[in-house]
Amino acid sequence: MKTNLLPNLSRIELLDKQGNPVQLLVKLFEHQGRYAVFIEDSANGVLARNAGAVISQLVRRLALPVAQTSFYRHIYLPHQGSVFGCFQMGWGEDNSISHYTFSMMSPLVDDLAVRRILKDGKPVSVSYGVLRNLSSAV
Numbered sequence: 001m002k003t004n005l006l007p008n009l010s011r012i013e014l015l016d017k018q019g020n021p022v023q024l025l026v027k028l029f030e031h032q033g034r035y036a037v038f039i040e041d042s043a044n045g046v047l048a049r050n051a052g053a054v055i056s057q058l059v060r061r062l063a064l065p066v067a068q069t070s071f072y073r074h075i076y077l078p079h080q081g082s083v084f085g086c087f088q089m090g091w092g093e094d095n096s097i098s099h100y101t102f103s104m105m106s107p108l109v110d111d112l113a114v115r116r117i118l119k120d121g122k123p124v125s126v127s128y129g130v131l132r133n134l135s136s137a138v
């Protein structure tokens, strides 16, 4: 079995593009003045099918500065280890997503930047209330 580079993620409750509740695993890092959000995707591909809806909710919920934040898809495959993809986001004036593209990252080239974030970056803790969106229930 290969190594999972992100074994300890936090569960966050969001809505898919149809408004149905979904739970995803996320981890936030700060590295060199930028944020990196790693989102675990599973075999059912919740993130792959709902990236725009999920990422815009994460921006609001985590109060992320869009110009300084990168979003990564993480998939763990026991026979291959951690595999990453990167979202290239276009933002509107109101911090809404105007467009995005996604590409899987090359394990030999692109993963070095991700590994540097994971090794040298500082994990940013997210409160239970933010993960569960408890502020909206008040």
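Position one of the sequence shown corresponds to residue 1 (the working numbering), numbered consecutively onward. Don't be surprised by glycine CBs; every beta carbon is placed ideally from N, CA and C.
### Message
Check whether chain D comes within 8 Å of K119, counting only Cβ atoms and requiring the distance to be less than that.
### Response
The structure shown contains no chain D; it holds only a single protein chain.
### Message
Going by the DSSP bridge assignment, what does V26 pair with across the sheet?
### Response
Answer by DSSP bridge pairing, in chain order: S10, I39.
### Query
For G33, which of helix, strand or coil comes out of DSSP?
Assigned with DSSP and collapsed to three states, G33 falls in coil, not helix or strand.
### Query
In the structure shown, what three-state DSSP assignment does K2 receive?
In this structure, K2 counts as coil in the three-state DSSP scheme.
### Query
In the structure shown, what three-state DSSP assignment does L77 receive?
If DSSP states are grouped into helix, strand and coil, L77 belongs with the strands.
### Message
Assuming the contact rule is C-beta atoms closer than 8 Å, S10 and L131 should be a hit. Round their C-beta distance to whole Å, please.
### Response
Contact flag correct, Cβ pair sits at about 6 Å.
### Task
Could you check what DSSP says for V46 in three-state terms: helix, strand or coil?
Secondary structure at V46: helix, using DSSP grouped into helix, strand and coil.
### Task
With K119 as the anchor, note down where its alpha helix (DSSP H) starts and where it stops.
111-120 is the span of the alpha helix (DSSP H), which, as asked, contains K119.
### Task
For L24, count neighbouring C-beta atoms within 10 Å of its own C-beta (all shown protein chains included) and say buried if the count is 16 or more, exposed if not.
The residue in question, L24, is buried, as its Cβ has 16 or more Cβ neighbours within 10 Å.
### Task
Measure the alpha-carbon distance for L148 versus P107 and round it to whole angstroms.
Beyond the ends of the chain as shown, which are 1 and 138, falls residue 148; an answer cannot be given.
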